[in-house]
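Numbering (my numbering), first residue to last: 10 to 210.
Beta carbons: idealized from backbone N, C-alpha and C, even for Gly.
A short write-up of the structure that comes next.
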Amino acid sequence: MPRSVPVVSFFNHINILYGVISHLCTTSTCPIMIGPQNSLYYWIDERGKKVKYSAPQYIELAIIFIQKSLSNETIFPTRLDNKFPSTFSILIRKMVRLLFHCLAHIYAVHYNQLIEFELHPHLNSLFLHLISFLIKSDIIPSDCSTVNTNSNSLTISSQIEIREFRTELESLSLLYQLLAKQWQHAYAQESAQKRKTSNNQ
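What follows is the structure, encoded as structure tokens:
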């Protein structure tokens, strides 16, 4: 399925980006997994139970889950004669939600650190591409209120995650506001530094 391709790319980029600041994201500095405006992100297990983790624990679980899924031949078949599983769309939605949370946390807590590493333009571009992908794809279905009576635990968990994700996306304006503030701050700092350098010459 073509929409699996951008998910793989998003994962690789986010994984590398987080690796740069992972030593700054600890259980002490980030005891809970939060996004903009202190939005709390829970891990949802296969039974649909919400679990609160620190940010590094949450992100590690997310990375492990996605890595295992991507390397699983039954989920992402590499042979043309193998079919994608019936639960593929469910797994893609879960992966995208986890990636969204990772980016939101980096924005809310570690953006200034990425400015120091001069990686904030990459984060901005990555975020906008992910949001564009969410808008143009059918990752979040229009109706997830009906639960199939024959649903397994993965399906039930997914429907809970979809409802949570839709709520989070409805408050995307918070992320856009944060994005605008971060850009304004970053470019103000850059302009000030250029003026300082120019005056010293």
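Using CA coordinates, which residue listed in R102, L143, Y67, E55 is at the minimum distance from I115? Y67
### Message
Using the Cβ count rule (16 or more neighbours within 10 Å means buried), how would you classify K103?
### Response
buried
Exercise for review: State yes or no: is the C-beta of K61 nearer than 7 Å to some heavy atom of the ligand HEM?
Suggested key: Judged by which ligands are present, the structure shown has none, so any question about the ligand HEM falls away.
*Could you check where the alpha helix (DSSP H) with I43 kicks off and where it finishes?*
Segment: none, I43 is in no alpha helix (DSSP H) and carries neither H nor E.
- prompt: How should F20 be labelled, buried or exposed, when 16 other C-beta atoms within 10 angstroms of its C-beta is the threshold for buried?
  reply: buried
Q) For L135 versus H22, is the C-beta distance shorter than 8 Å? A) yes
What does the alpha-carbon distance come out to for the pair G57 and T96?
16 Å
Extent of the continuous alpha helix (DSSP H) to which H32 belongs: No alpha helix (DSSP H) contains H32, which DSSP labels as neither H nor E.
Could you tell me the distance, in whole angstroms, from the CA atom of Q202 to the CA atom of N121?
-> 16 Å
Check your understanding: Considering only residues of the region 79-158, which uninterrupted alpha helix (DSSP H) runs meet the minimum length of 4 residues and lie entirely inside it, listed in chain order?
Key -> 97-125, 129-145
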